[in-house]
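Counting the sequence shown from 1 gives a position; the working numbering is that position plus 35.
Where is the CB? At the ideal position from N, CA and C, for every residue including glycine.
One structure is given here, and the rest of the page talks about it.
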Amino acid sequence: MTSLRIPGLLLATLLLGACGQGENNVESGNRLGILHYGMGAEPQSLDPHVLTANNDYKIALALYEALVTRNPYTNEFEPGGASSWSFSEDRKTITFALNRKARWSNGEPVTAKDWVWSFYRSLHPKMGNQVAYQLFPIAGAEAFASGKDPDFSHVGIDAPDDYTLRIHLGNPTPYILGVLAANPNFPVHRATVEAHGKFTDRYSGWARPENFVGNGPFVLDEWRIGRYVSVRKNPFYWDADKVKLNGIVFHTVESILSEEKMFRVGQLHYTETVPLSRIPWYRAQPDSPYRQAPLLATYFYMFNTLVTPVDDVRVRKALAMSIDRRALIKDLLKGTGIPSPGITPRDLIPGYDPPQILRYDPEQARALLAEAGYPGGEGWPGAELIYNTSEDHRKVAVAVQQMWKQQLNISVSLANQEWKVYLDTTSKGNFQIARLGWVVGQLDPTGFLEPYLSDSIIMRTGFSDARYDEILKTLAPATTEPAARMALLREAETRLLEQVPIIPFYTQTSKHLIQPSVSGLPTNVLDIPNYKYVSLDPAVPAWQAEE
36 MTSLRIPGLL LATLLLGACG QGENNVESGN RLGILHYGMG AEPQSLDPHV LTANNDYKIA
96 LALYEALVTR NPYTNEFEPG GASSWSFSED RKTITFALNR KARWSNGEPV TAKDWVWSFY
156 RSLHPKMGNQ VAYQLFPIAG AEAFASGKDP DFSHVGIDAP DDYTLRIHLG NPTPYILGVL
216 AANPNFPVHR ATVEAHGKFT DRYSGWARPE NFVGNGPFVL DEWRIGRYVS VRKNPFYWDA
276 DKVKLNGIVF HTVESILSEE KMFRVGQLHY TETVPLSRIP WYRAQPDSPY RQAPLLATYF
336 YMFNTLVTPV DDVRVRKALA MSIDRRALIK DLLKGTGIPS PGITPRDLIP GYDPPQILRY
396 DPEQARALLA EAGYPGGEGW PGAELIYNTS EDHRKVAVAV QQMWKQQLNI SVSLANQEWK
456 VYLDTTSKGN FQIARLGWVV GQLDPTGFLE PYLSDSIIMR TGFSDARYDE ILKTLAPATT
516 EPAARMALLR EAETRLLEQV PIIPFYTQTS KHLIQPSVSG LPTNVLDIPN YKYVSLDPAV
576 PAWQAEE
């Protein structure tokens, strides 16, 4: 997916420094208003109704704008595609006054019919949108997305006029604005999509740079596979006067060690993460560029509960209870995680106290393994743990492998896979144990729990529980009293953890290196940037380490 042209903005960024000035990317970027952003793995898609990976989402935030956006400092909601909104008295209808200044990047106005059609595409069964379930609080959305009711007019989305959009909910949903700020809600330009294939095609030419039309503060400029994705300022964006950057180059760097080196030599303004081995060194630096903050995200291993030997809940529980999370965080992760035996982070979601079931208990773990028929590890058939290529994921996997050997006397082999291969492997269920991380975009437990519904296509664990489904689909949505609703969600999480389709390890933290010339990229619990706030100071040089 590469463009057919060399854009002037990016060409200037890459070449001016080479033409006698000796500038690095940070210096030229500061001068030209081009942010150089470390992205990690190669994006899989920039179609908002296809993408699921966090790095893809961060590029999409530059290209599209939802009905509402978030302030990066406060996480409060701000106008985006809608200039204002109001709730009905029963909190089941939201009326959005659409932004009359909003334009597509080709200059056409963004109207209510664009939003309605984009919801239609996002929810359409043939689209295969893996995160469409986030929109299921909308009345009729689940029935349409599942194919049970093919009539989209039964979905609670209507447009009384060109600049009014109404969304009707099945039940009051306290986190609905967070849902409507995320990518299933991003609008796409109908004529452009339909000009390049069926509107439900998951990978078509409309999302290529030479064809792209979006409504965000930036427009897709170039995509060089294995190197970068670049975007340039969208002159038709309704709030373009407040966009301080002229462009962003999202550098795809699979190796986090290479990404850190690029930062250190002035090639990046911002890194997606930081190698564990380098964190103590950066912490010790005066005026350190290292930034860390609690993140609404969980690091865990998932089981394929349909294959031996992990089809036995006693085996899964034994594996979970033989992991010393505190030692892992202290000795290996350099204090960059918060130990947690639950899938939902503690102390980050107001009013919710997640269950802590799968605590470290090696004695009980050995007893469970013996009950399952493998006393002292005798007769263990072996198992394989896969993880996507990353030095830090490898270190965690090796440490866990050693814990299982030490506490249970069993051997588990390790296999790393490149990101695309890993996604294909896990989506097809061709694994026994697999590493995963899950980042949530709203301050509510449902973001962590919904992927394990029986009909979910996100987590391929094989977990299915009727009571769990009932709570998440029926009981919790219909419960308006906050404490009672949280109690139901806690019951659901308890049921999930008791059946152990996953091993939660720790609540993740965001870990970034940020150049001192960058403003507007604060750490926050959602780790969601709003590029409209970002600026670069040309007077501030690239960060230099103290020897």
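Outcome for residue i when other beta-carbon atoms lying within 10 angstroms are tallied against a minimum of 16
{"i": "Leu-368", "result": "buried"}
{"i": "Gly-251", "result": "buried"}
{"i": "Leu-39", "result": "Only weak support exists for where Leu-39 lies, its pLDDT of 29 falling under 50; the value from the coordinates is given anyway. So Leu-39 counts as exposed."}
{"i": "His-189", "result": "exposed"}
{"i": "Ser-357", "result": "buried"}
{"i": "Gln-579", "result": "exposed"}
{"i": "Thr-542", "result": "buried"}
{"i": "Ala-328", "result": "exposed"}
{"i": "Pro-564", "result": "buried"}
{"i": "Val-456", "result": "exposed"}
{"i": "Lys-365", "result": "exposed"}
{"i": "Asn-465", "result": "exposed"}
{"i": "Leu-556", "result": "buried"}
{"i": "Tyr-336", "result": "buried"}
{"i": "Gln-320", "result": "exposed"}
{"i": "Asn-220", "result": "buried"}
{"i": "Asp-484", "result": "Reading the sequence as shown, one finds Leu at residue 484 and not Asp. Burial call: buried."}
{"i": "Gly-52", "result": "Note that Gly-52 has pLDDT 41, beneath the 50 cutoff, so the model's placement of it is unreliable and the number below is only indicative. Counting Cβ neighbours within 10 Å, Gly-52 comes out buried, since at least 16 surround it."}
{"i": "Ala-574", "result": "exposed"}
{"i": "Arg-267", "result": "buried"}
{"i": "Tyr-422", "result": "buried"}
{"i": "Asp-479", "result": "buried"}
{"i": "Gly-377", "result": "buried"}
{"i": "Asp-193", "result": "exposed"}
{"i": "Ala-577", "result": "buried"}
{"i": "Asp-149", "result": "buried"}
{"i": "Pro-185", "result": "exposed"}
{"i": "Gln-437", "result": "exposed"}
{"i": "Glu-62", "result": "buried"}
{"i": "Glu-294", "result": "buried"}
{"i": "Ala-527", "result": "buried"}
{"i": "Lys-463", "result": "exposed"}
{"i": "Val-145", "result": "buried"}
Supposed close pair residue i, residue j - CB separation, criterion 8 Å
{"i": "Pro-523", "j": "Thr-514", "result": "A quick correction: the sequence has Leu, not Pro, at residue 523. About 6 Å; that satisfies the 8 Å criterion."}
{"i": "Val-309", "j": "Tyr-325", "result": "6 Å"}
{"i": "Met-494", "j": "Tyr-487", "result": "6 Å"}
{"i": "Gly-205", "j": "Pro-512", "result": "7 Å"}
{"i": "Ala-132", "j": "Ala-117", "result": "6 Å"}
{"i": "Pro-374", "j": "Arg-360", "result": "4 Å"}
{"i": "Phe-285", "j": "Asn-269", "result": "Rounded, the Cβ-Cβ distance is 16 Å, inconsistent with contact."}
{"i": "Thr-130", "j": "Arg-201", "result": "5 Å"}
{"i": "Ala-101", "j": "Asn-90", "result": "About 18 Å; that fails the 8 Å criterion."}
{"i": "Thr-371", "j": "Lys-546", "result": "6 Å"}
{"i": "Thr-333", "j": "Gly-472", "result": "7 Å"}
{"i": "Glu-426", "j": "Val-447", "result": "Rounded, the Cβ-Cβ distance is 19 Å, inconsistent with contact."}
{"i": "Gly-261", "j": "Thr-287", "result": "6 Å"}
Residues sharing a beta bridge with residue i, DSSP
{"i": "Gly-282", "result": "Ile-69 and Arg-267"}
{"i": "Asn-423", "result": "Gln-452"}
{"i": "Phe-253", "result": "Lys-268"}
{"i": "Gly-372", "result": "Gln-543"}
{"i": "Pro-144", "result": "Arg-138"}
{"i": "Val-166", "result": "Answer is none; Val-166 lacks a bridge partner."}
{"i": "Pro-329", "result": "Thr-544"}
{"i": "Val-348", "result": "Bridge partners of Val-348: none, in fact."}
{"i": "Ile-129", "result": "Phe-122 and Ile-202"}
{"i": "Thr-287", "result": "Gly-75"}
{"i": "Val-447", "result": "Ala-418"}
{"i": "Tyr-334", "result": "Gly-472 and Tyr-541"}
{"i": "Tyr-305", "result": "Tyr-72 and Ile-549"}
{"i": "Trp-258", "result": "Val-264"}
{"i": "Ser-489", "result": "None; Ser-489 has no bridge partner."}
Span of the alpha helix (DSSP H) around residue i
{"i": "Leu-341", "result": "Leu-341 -> no alpha helix (DSSP H), and no H or E assigned at all."}
{"i": "Arg-530", "result": "517-534"}
{"i": "Gln-399", "result": "397-406"}
{"i": "Tyr-503", "result": "501-505"}
{"i": "Pro-390", "result": "Counting along the chain, Pro-390 falls outside any alpha helix (DSSP H), and DSSP gives it neither H nor E."}
{"i": "Trp-316", "result": "314-318"}
{"i": "Gly-482", "result": "481-484"}
Residue range of the unbroken beta strand (DSSP E) whose run includes residue i
{"i": "Gly-472", "result": "468-474"}
Residue ranges of each beta strand (DSSP E) run of no fewer than 3 residues wholly in the stretch 81-127, ordered along the chain? List check, beta strand (DSSP E) in window: 103-105, 112-114 and 117-122.
Can you list the alpha helix (DSSP H) stretches of 4 or more residues lying completely in the stretch 172-231, in chain order? As summarised for the stretch 172-231, the continuous alpha helix (DSSP H) elements at least 4 residues long and confined to that stretch are 176-180, 211-215 and 225-229, given in chain order.
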